[in-house]
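Each number in the working numbering corresponds to the 1-based position in the sequence shown with 1 added.
For every residue, glycine included, the Cβ atom is placed at its ideal position computed from N, Cα and C.
So the structure is just underneath, and the comments pick up after that.
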Amino acid sequence: MIAAYYKSTGDVDVLEVGELPTPEPRGGEVRVRIALSGINPTDWKGRARGELSFPFQIPHHDAAGVIDAVGAGVDPGRVGERVWLWDAAYLRQWGTAAQFSVVPEAQAVALPADVSFDLAVCLGIPAKTAHRAVFADGPVSGQTILVAGGAGAVGFYAIQLARLGGARVVTTVSSDDKAAIARTARADSILNYRQDDVPARVAELTAGAGVDRVIEVAFAANLDLNRQVLAANGTIATYAVDEEMPAIPVRWLLPDNITLRWLLVFAVPEEAKREAVAELSRALADGALKPLPLLRFPLEEVRAAHRAGEQGAVGKVVLEIP
Numbered sequence: 002m003i004a005a006y007y008k009s010t011g012d013v014d015v016l017e018v019g020e021l022p023t024p025e026p027r028g029g030e031v032r033v034r035i036a037l038s039g040i041n042p043t044d045w046k047g048r049a050r051g052e053l054s055f056p057f058q059i060p061h062h063d064a065a066g067v068i069d070a071v072g073a074g075v076d077p078g079r080v081g082e083r084v085w086l087w088d089a090a091y092l093r094q095w096g097t098a099a100q101f102s103v104v105p106e107a108q109a110v111a112l113p114a115d116v117s118f119d120l121a122v123c124l125g126i127p128a129k130t131a132h133r134a135v136f137a138d139g140p141v142s143g144q145t146i147l148v149a150g151g152a153g154a155v156g157f158y159a160i161q162l163a164r165l166g167g168a169r170v171v172t173t174v175s176s177d178d179k180a181a182i183a184r185t186a187r188a189d190s191i192l193n194y195r196q197d198d199v200p201a202r203v204a205e206l207t208a209g210a211g212v213d214r215v216i217e218v219a220f221a222a223n224l225d226l227n228r229q230v231l232a233a234n235g236t237i238a239t240y241a242v243d244e245e246m247p248a249i250p251v252r253w254l255l256p257d258n259i260t261l262r263w264l265l266v267f268a269v270p271e272e273a274k275r276e277a278v279a280e281l282s283r284a285l286a287d288g289a290l291k292p293l294p295l296l297r298f299p300l301e302e303v304r305a306a307h308r309a310g311e312q313g314a315v316g317k318v319v320l321e322i323p
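Written out as structure tokens, the structure reads:
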């Protein structure tokens with residue numbers, strides 16, 4: 002098969018494209034013919050400074066494709082099933098930047114017939130992270146949630162899932178183009194943090210009550226903002242690192258009983274992963290989720306695709322697999 006892979010970590014130049022053996026599914030696994038491979042920050046960060054556990058690593062965790070073979074113990078009727086993949090490269094060699102990937106069968110999730118691969122490839126890490134960030138502490142119906150970075154992959158799905166959960170959603174973006182993406186996700190209020198006085202606007206939108214929950218992509222940078230907009234007994238759910246050792250303002254957090262929830266999608270309890278996958282599947286069946294705009298690259302341009310992601314491309318960077 003043709004695949005992108007690397008044998009050492011570093012900048013995009015470590016990525017190669019060439020022939021590798023086609024993997025065979027073992028017991029409990031399925032093999033998927035990949036159509037689209039999704040790229041997330043964890044993919045280029047792992048390539049840049051991760052540790053190699055195998056002679057080579059095929060990157061990328063997320064994908065959309067069709068099951069073409071199954072291992073022992075898997076229903077043969079799954080062959081031909083359209084699926085979306087998650088965590089394909091987590092502690093595994095066969096990521097999705099290839100014509101074929103092999104995963105445990107639960108990590109290849111059936112797609113409704115009317116759901117496109119363009120939507121399916123956007124799920125995986127971003128949508129599962131968003132689900133945990135929104136619902137880890139229980140139902141959100143009636144709450145007001147601030148989603149930082151509503152045009153980012155996680156933020157985009159956090160908006161949609163919070164709305165589906167009955168919350169009112171305020172989101173922040175940095176440009177008109179990103180505001181249009183957040184509007185597609187059906188955010189109730191969209192604030193441009195480069196132009197708007199976000200604390201004042203949030204106070205206005207909530208009649209001074211503040212928000213119940215913040216879904217945060219830049220914890221350290223936005224601490225002071227969140228201090229101004231978060232209601233007592235609120236929660237900051239943060240899923241990204243923008244500063245290695247941020248100062249934690251305990252004198253604010255403690256009196257207001259603020260909860261900090263740290264979130265790494267790979268470390269989420271298995272039960273929570275299953276719950277996220279089940280709820281995402283229901284939302285797909287109901288036609289309730291939208292895709293991000295896709296920035297497409299052919300497999301042989303994997304270096305350019307990683308570079309685009311690292312440079313902050315707007316939308317979802319994907320590889321088209323021949």
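Inset, instruction - Could you give the DSSP three-state label for Asn41: helix, strand or coil? - result: The count along the sequence shown starts at 1 and reaches residue 41 at position 40. Coil at Asn41, not helix or strand.
Inset, instruction - Label Val174 either buried or exposed according to how many other C-beta atoms from any shown protein chain fall within 10 Å of its C-beta, with 16 as the threshold for buried. - result: Counting from one through the sequence shown, the residue named residue 174 turns up at place 173. When all chains shown are included, Val174 counts as buried.
Legend entry - Alpha carbon of Val33 to alpha carbon of Ile322, nearest angstrom: Position 32 of the sequence shown, counting from 1, holds the residue named residue 33. Position 321 of the sequence shown, counting from 1, holds the residue named residue 322. Rounded to the nearest angstrom, the two C-alpha atoms are 12 Å apart.
Inset, instruction - Please confirm if Ile35 has its CB atom under 7 Å from at least one CB of chain B. - result: Absent here is chain B; the protein component of the structure consists of one chain.
Legend entry - DSSP state of Tyr240 mapped onto helix, strand, coil: Sequence index remark: in the sequence shown, residue 240 carries index 239 (1-based). Coil, per DSSP.
Legend entry - CB of Glu65 within 7 Å of CB of Pro26, strictly: Counted from its first residue, the sequence shown places residue 65 at position 64. Counted from its first residue, the sequence shown places residue 26 at position 25. Rather than Glu, the amino acid found at residue 65 in this sequence is Ala. No; because the gap between Cβ atoms is not below 7 Å, this pair is not in contact.
Inset, instruction - Count the other CB atoms, across all protein chains shown, that sit within 10 Å of the CB of Ile249; report buried if there are 16 or more and exposed otherwise. - result: On the sequence shown, position 248 is the one that residue 249 refers to. Exposed, because fewer than 16 other Cβ atoms sit within 10 Å of the Cβ of Ile249.
Inset, instruction - Tell me, please, whether the stretch 107 to 117 touches the stretch 137 to 146 by the rule of three or more beta-carbon pairs shorter than 8 Å. - result: no
Inset, instruction - Output the distance between the C-alpha atoms of Phe136 and Val13, rounded to the nearest integer angstrom. - result: On the sequence shown, residue 136 is found 135 positions in, with the first residue counted as 1. On the sequence shown, residue 13 is found 12 positions in, with the first residue counted as 1. Distance between the alpha carbons of Phe136 and Val13 is about 35 Å.
Inset, instruction - With DSSP as the reference, label Gln161 as helix, strand or coil. - result: As a position in the sequence shown, residue 161 is number 160, starting the count at 1. Note: Gln161 maps to helix in three-state DSSP.
Inset, instruction - Just grab the DSSP bridge partners of Val278 for me. - result: Counted from its first residue, the sequence shown places residue 278 at position 277. Its beta-bridge partners do not exist; DSSP assigns none.
Inset, instruction - Kindly give me the distance between the Cβ atoms of Val319 and Val110, rounded to whole angstroms, as I take these residues to be in contact under 8 Å. - result: The count along the sequence shown starts at 1 and reaches residue 319 at position 318. The count along the sequence shown starts at 1 and reaches residue 110 at position 109. About 18 Å; that fails the 8 Å criterion.
Inset, instruction - Alpha carbon to alpha carbon, how far is Ala5 from Glu301? Give it in angstroms, no decimals. - result: Your numbering for residue 301 matches position 300 in the sequence shown. Your numbering for residue 5 matches position 4 in the sequence shown. One C-alpha to the other measures close to 8 Å.
Legend entry - Sequence-distant residues of its chain with Cβ nearer than 8 Å to Trp95 (five each side left out): As a working note, residue 95 is residue 94 in the sequence shown. Pro24, Ile59, Ala89, Phe101, Ser102, Val103 and Val104.
Inset, instruction - Just tell me which of Ala221, Leu295 and Pro256 has its CA closest to the CA of Glu245. - result: Here the question's residue 245 lines up with position 244 in the sequence shown. Here the closest residue by C-alpha is Ala221.
Inset, instruction - Following the continuous alpha helix (DSSP H) through Asp189, name the residue where it begins and the one where it ends. - result: As a working mapping, residue 189 is identified with position 188 in the sequence shown. Premise fails: Asp189 is in no alpha helix (DSSP H) and is neither H nor E.
Legend entry - Separation of Ala134 from Gln312, as counted between CA atoms: As a working note, residue 312 is residue 311 in the sequence shown. As a working note, residue 134 is residue 133 in the sequence shown. Cα to Cα, the separation comes out at about 25 Å.
Legend entry - Pair within 7 Å by beta-carbon distance, Ser38 and Ala98: Mapped onto the sequence shown, residue 38 falls at position 37. Mapped onto the sequence shown, residue 98 falls at position 97. In this structure, Ala98 lies closer than 7 Å to Ser38 by Cβ.
Inset, instruction - Go ahead and pull the three-state DSSP assignment for Thr130. - result: Translated into the one-based positions of the sequence shown, residue 130 becomes position 129. It is helical.
Inset, instruction - Could you tell me the boundaries of the beta strand (DSSP E) in which Lys179 lies? - result: Within the sequence shown, residue 179 is the residue found at index 178, counting from 1. Looking at the DSSP string, Lys179 is not in any beta strand (DSSP E); the run it does join, the alpha helix (DSSP H), is Asp177 to Thr185.
Legend entry - Pair within 7 Å by beta-carbon distance, Glu217 and Thr236: Within the sequence shown, numbered from 1, the residue matching residue 217 stands at position 216. Within the sequence shown, numbered from 1, the residue matching residue 236 stands at position 235. No, these two residues do not count as a Cβ contact at 7 Å.
Inset, instruction - With distances taken Cα to Cα, identify the nearest neighbour of Val75 among Leu112, Gly28 and Ile126. - result: On the sequence shown, position 74 is the one that residue 75 refers to. Answer by Cα proximity: Gly28.
Legend entry - Nearest-angstrom Cα separation, counted from Arg48 out to Pro42: Here the question's residue 42 lines up with position 41 in the sequence shown. Here the question's residue 48 lines up with position 47 in the sequence shown. So the two alpha carbons sit approximately 10 Å from each other.
Legend entry - For Gly313: DSSP bridge partner residues: Translated into positions along the sequence shown, residue 313 becomes position 312. The partner list for Gly313 (beta bridge, DSSP) is empty, contrary to what the question assumes.
Legend entry - As assigned by DSSP and simplified to three states, the class of Leu320: In the sequence shown, residue 320 corresponds to position 319, counting from 1. Leu320: strand per DSSP, three-state reduction.
Legend entry - Own chain partners of Arg187 with C-beta closer than 7 Å, once the 5 adjacent residues on each side are dropped: The residue you call residue 187 lines up with position 186 of the sequence shown. These residues qualify, in order along the chain: Ile160, Gln161 and Arg164.
Inset, instruction - Return the Cβ separation of Val171 and Leu206 in integer angstroms, given the expectation that the two are a contact with Cβ distance under 8 Å. - result: Indexing the sequence shown from 1 puts residue 171 at position 170. Indexing the sequence shown from 1 puts residue 206 at position 205. Confirmed, Cβ separation roughly 6 Å.
Inset, instruction - Kindly indicate which residue of Ala208, Gly151 and Arg83 has the alpha-carbon position closest to the one of Leu120. - result: The residue given as residue 120 occupies position 119 in the sequence shown. Answer by Cα proximity: Arg83.
Legend entry - C-alpha gap between Asn227 and Glu272, whole angstroms: Position 226 of the sequence shown, counted from the first residue, corresponds to residue 227. Position 271 of the sequence shown, counted from the first residue, corresponds to residue 272. Cα to Cα, Asn227 sits roughly 30 Å from Glu272.
Legend entry - Inside the stretch 213 to 273 only - alpha helix (DSSP H) runs reaching at least 4 residues: 224 to 230 and 251 to 254
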